[in-house]
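Protein chains in written order, with our numbering: chain X, 59 to 249; chain H, 59 to 249; chain F, 33 to 293.
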Amino acid sequence: MNSLAKLLEAALFASPRPIPTDELATLDTEASPAALQAALDELREHYDVDGHAVELVDAGGGWQILTRPEYTEAIEHAQMAVRPRRLSPAALETLAIVAYRQPISRAEVEEIRGVDVGSVLKSLHERGLIDVVGRSEALGRPLLYGTTDAFLEQFALRHLEELPRTDELAVALRAREQETLAEVFGTEGPR
Amino acid sequence: MNSLAKLLEAALFASPRPIPTDELATLDTEASPAALQAALDELREHYDVDGHAVELVDAGGGWQILTRPEYTEAIEHAQMAVRPRRLSPAALETLAIVAYRQPISRAEVEEIRGVDVGSVLKSLHERGLIDVVGRSEALGRPLLYGTTDAFLEQFALRHLEELPRTDELAVALRAREQETLAEVFGTEGPR
Amino acid sequence: MDDVTTGTSASRAPGSAAGAAVGDTELGFSVDLPHYSGPLDLLLALIRDEKVDIYDIPVARICQQFITRMHHLQLNEAAEYLEMAARLLRIKAQMLLPRPDGEEAWEDPRTELVRRLLEYQQMREVVDVLERLGEDRRNRFARTFVPASLSPVIQAPLSLSLGELLAAVDRVLRHAERPEIHDVISRPIDVDGFIEVVRAVIALRAVARFRDVVPPGAEPWEVLSGLLALLELARRGELRLAQPRPFASVEIRRELAGEAA
């Protein structure tokens, strides 16, 4: 591949969005439109002829490198076979608070946990366990989080009410009392 | 490229994070570990020999396709992607201590650095480089911090053992620290 | 600690000779002076610059340099640097004490400091490694654009049981902080008591100052009581308060008329 084609490959790979042709031109201001088009063609042909699993596509408002559709199924399938991951204690605690106090803002979770929970909320969100369910009327109108259907699915629950003893726990969390779960659950114990 | 190499390319292209070898293995459960390694080698060589702007890197807890450094400036200049900001010396010092002494409390980090580290820990946590991994049994049950997978990725480390062992450093170690290190890198292994 | 605070803040006072001198050198220095990430960093830099043995630090010299550089960098306000300066001064004093004769174990007062410096130095080596690795990785981009519908990502399923979730609830409940409740102890200000103090002071001195009435480091209720006592006595005509110029300390004088009355 020529050097402009390589530069295009790097930029298209690194960009978080498709890049229109006129923006690609800013990568090398000395390259003519014809040279740019030739480099794009070279890159596309390279992926096609050389048998890569990716292809160069002009769609979605610009150029992007995409995985070819025939690999989608294999990747999806692999997802099922991957060794299950456990959540970290920090993520579990945050998830528990969101589950029992939803809708809840990040600041409220932080008040209970005593630490920043930004990255934890982000990863729970990426995992599809929580989602933004609205905005608070409080100052700054912070986002409110709640659990998702995937969360229920994870615990084989039909609806949130099936979470054990929601009210007592919610009250306990709200009051931030240092009661142990045993006291809250009494004889009904969770396990 | 053989079909396994292509499948690996598709999966690696689709992932924003490094993929560990054992997860790649689930893409084709019939492929032997040797075949998987051969396919990874083929893919890496293909990128190197064929003059691609990307390369296959084994770092950050798994395999990842990354752009080569020579294109970074042009891409950033054209505002198609932004490099993460450099960490401050204070943040790096704190991170180094957490990496070697994890799990470690804020007070213990402050003891070594000789300064308050509250805000530094907070920003490292926000950047996802450290996380709360538990609580100490010490007075006040302080939070304990450890490094995350994102830490490994940001420093292109396969695992924590790739950091120089403290007895390899120019400054000699105290016996007690070696014990701590043994605990960190002991049977439990780094995260 | 107190000595250091007073010493440094005095030399920074605007207009004072020492302050001016420091200010001048700052202009020449500030460009080249590196930024230190803490007192240990500064101390280590001094040891390197002065080419002294870390195991045999000339404490008096290093201490002097430390304080001087604190001034140049205007670090006087930073508690961490002050604490280190105080520590160095204490070690310096301990080094001056006569050592016990003979073979008896003499604990070098520098031992703990040396230990901390070595530990810190070691960590700085790791920082260099991290910096190099991080810079290399920073210059490579990973793929960030992953359209979910077209390119599924391998993501491990979760291993998560209800028991784990409830155990997490348990931890949250046990560790959630109790609401902080402060006991407020009312401490009535004692104007009458301070009136007696003021009377005793001005009986002894022709001219007194506020600090003669309220000692430095007094608690707020004492400062308030002292101030109110002075105002009350001035109102009663027992004393006169005067301030020769703005911001000068207030002079307290017996009111001769009041005395006569």
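C-beta atoms are modelled at their ideal positions from N, C-alpha and C, and glycine is treated no differently.
Could you name the residues of the same chain whose beta carbon sits closer than 7 Å to that of residue i, not counting the 5 residues immediately before and after it, in chain order?
i: Ala208/X; result: Gly186 and Leu187
i: Leu76/F; result: Leu149, Tyr152 and Gln153
i: Glu103/X; result: none
Would you mind working out which of the options sits nearest residue i, comparing C-alpha positions?
i: Arg286/F; options: Arg243/F, Ser257/F, Ile234/F and Ala261/F; result: Ile234/F
i: Ala117/H; options: Arg156/F, Leu78/F, Asp168/F and Met127/F; result: Asp168/F
i: Ala250/F; options: His67/F, Phe226/F, Gln153/F and Glu196/F; result: Phe226/F
i: Gln96/F; options: Pro71/F, Leu205/F, Ala117/F and Leu263/F; result: Ala117/F
i: Thr176/F; options: Ala69/X, Ser146/X and Tyr129/X; result: Ala69/X
i: Leu210/X; options: Arg164/X, Arg199/X and Pro222/X; result: Pro222/X
i: Pro127/H; options: Glu169/H, Met138/H, Ala136/H and Glu113/H; result: Glu113/H
i: Pro247/F; options: Leu259/F, Leu114/F and Leu121/F; result: Leu259/F
i: Ile133/X; options: Gly172/H, Val167/H, Thr87/H and Gln212/H; result: Thr87/H
i: Ser146/H; options: His67/F, Arg142/F and Leu149/F; result: His67/F
i: Thr143/X; options: Gln212/X, Leu85/X, Glu169/X and Glu220/X; result: It is worth fixing the name first, because residue 143/X is Arg in this sequence and not Thr. Measuring from the Cα of Arg143/X, the nearest candidate turns out to be Gln212/X.
i: Pro252/F; options: Ile221/F, Leu198/F, Arg142/F and Glu139/F; result: Ile221/F
i: Gly172/H; options: Leu105/F, Leu74/F, Ala199/F and Glu139/F; result: Leu74/F
i: Leu145/F; options: Gly166/F, Arg122/F and Leu162/F; result: Arg122/F
i: Leu218/H; options: Thr100/F, Leu165/F and Asp140/F; result: Leu165/F
i: Gly254/H; options: Gln106/F, Leu105/F, Arg206/F and Thr100/F; result: Because chain H in this structure spans residues 59 to 249, residue 254/H falls outside the shown range and cannot be described.
i: Glu228/F; options: Thr100/F, Ala110/F, Glu264/F and Ala199/F; result: Glu264/F
If you check the beta carbons only, do residue i and residue j fall under 7 Å apart?
i: Val159/F; j: Ala154/H; result: yes
i: Arg203/F; j: Glu151/X; result: yes
i: Arg172/F; j: Thr125/H; result: yes
i: Val282/F; j: Ser257/F; result: no
i: Gly192/H; j: Pro161/H; result: yes
i: Ala72/X; j: Glu67/H; result: no
i: Met102/F; j: Tyr87/F; result: no
i: Ala97/H; j: Leu62/H; result: yes
i: Leu120/F; j: Phe98/F; result: yes
i: Glu168/H; j: Val175/H; result: yes
i: Leu101/X; j: Ala83/X; result: no
i: Ile79/F; j: Arg142/F; result: no
i: Met138/H; j: Gly109/X; result: no
i: Arg147/F; j: Trp138/F; result: no
i: Glu157/F; j: Leu227/H; result: yes
i: Glu124/F; j: Val91/F; result: Reading off the sequence shown, one finds Lys at residue 124/F, where the question assumed Glu. Yes, they are a contact pair.
i: Glu179/X; j: Ala136/H; result: In the sequence on display, residue 179/X carries Leu and not Glu. Result no, Cβ atoms of Leu179/X and Ala136/H do not sit closer than 7 Å.
Leaving out the 5 sequence neighbours to the left and right, which residues in its chain are closer than 6 Å to residue i when beta-carbon positions are compared?
i: Ala157/H; result: Thr205
i: Ala266/F; result: Leu273
i: Leu72/F; result: Tyr152
i: Val115/H; result: Gln122 and Leu124
Use the C-beta contact count for residue i: other C-beta atoms within 10 angstroms, 16 or more gives buried, fewer gives exposed.
i: Lys64/H; result: buried
i: Gln126/F; result: exposed
i: Gly55/F; result: Confidence at Gly55/F is low in this model, with a pLDDT of 37, below 50, so the placement of that residue should be treated as unreliable; the coordinate-derived value is given next. Label assigned to Gly55/F: exposed.
i: Trp121/H; result: buried
i: Pro76/H; result: buried
i: Ala148/X; result: buried
i: Ala174/F; result: buried
i: Ala196/H; result: exposed
i: Arg159/H; result: buried
i: Arg277/F; result: exposed
i: Glu220/X; result: exposed
i: Ser69/F; result: buried
i: Val201/F; result: buried
i: Asp106/H; result: exposed
i: Thr224/H; result: buried
Using a Cβ-based criterion (distance less than 6 Å to any ligand heavy atom), does residue i qualify as near the ligand ZN?
i: Val156/H; result: The model on display carries no ligand, and the ligand ZN is accordingly not part of it.
Looking only at its own chain, which residues have a Cβ that is under 8 Å from the Cβ of residue i, when we skip the five neighbours before and after it?
i: Pro200/X; result: Ser163, Arg164, Ala165, Arg193 and Ser194
i: Ile284/F; result: Val230, Val233, Ile234, Val239, Ala240, Arg241, Phe242, Asp244, Val245, Leu262, Leu271, Arg272 and Leu273
i: Ile94/F; result: Leu75, Leu78, Ile79, Glu82, Val84 and Leu120
i: Tyr129/H; result: Ala111
**Q.** Positions along the segment 191-207 of chain X whose CB lies within less than 9 Å of some CB in chain H
**A.** Answer in chain order: no residues at all.
Q.
Can you pull out the residues from the segment 141-169 of chain X whose beta carbon lies closer than 8 Å to at least one beta carbon of chain H?
A. Of all residues in the segment 141-169 of chain X, Arg141, Ser146, Pro147 and Ala148 have a Cβ within less than 8 Å of some Cβ in chain H.
Q | Residues, ordered as in the chain, of the segment 61-74 of chain H that lie near chain X by beta-carbon distance below 7 Å | A | Taking a C-beta cut-off of 7 Å against chain X, the contacting residues of the segment 61-74 of chain H are Lys64, Leu65, Glu67, Ala68, Ala69, Phe71 and Ala72, listed in chain order.
Q) Just by C-beta distance, which residues in the segment 214-228 of chain H are closer than 8 Å to chain F? A) Only those residues of the segment 214-228 of chain H whose C-beta falls short of 8 Å from the nearest C-beta of chain F are listed: Ala214, Leu215, Leu221, Pro222, Thr224, Leu227 and Ala228.
Q: Select from the segment 155-171 of chain F all residues with a C-beta closer than 8 Å to any C-beta belonging to chain H, and list them in chain order.
A: Using a CB distance below 8 Å, the part of the segment 155-171 of chain F facing chain H consists of Met155, Arg156, Glu157, Val158, Val159, Val161, Leu162, Glu163, Leu165, Gly166, Glu167, Asp168, Arg169, Arg170 and Asn171, ordered along the chain.
Q. In the segment 272-289 of chain F, which residues sit with their C-beta less than 8 Å from some C-beta in chain X, listed in chain order?
A. When CB distances to chain X are screened at a threshold of 8 Å, not a single residue of the segment 272-289 of chain F falls below it.
Q: Could you run through the segment 106-126 of chain X and flag, in chain order, every residue whose CB is less than 9 Å away from some CB of chain H?
A: Listed in sequence order: Asp108, Gly109, His110, Ala111, Val112, Ile123, Leu124, Thr125 and Arg126.
Q: Could you please tell me which residues of the segment 84-99 of chain H, in chain order, have their CB closer than 8 Å to any CB of chain X?
A: In summary, the residues of the segment 84-99 of chain H whose CB is separated from some CB of chain X by less than 8 Å are Thr84, Leu85, Asp86 and Thr87, in the order they occur in the chain.
Q) Listed in chain order, which residues of the segment 175-189 of chain X have Cβ atoms closer than 7 Å to some Cβ of chain H? A) If the cut-off is 7 Å between Cβ atoms, the segment 175-189 of chain X has Gly176 and Ser177 near chain H.
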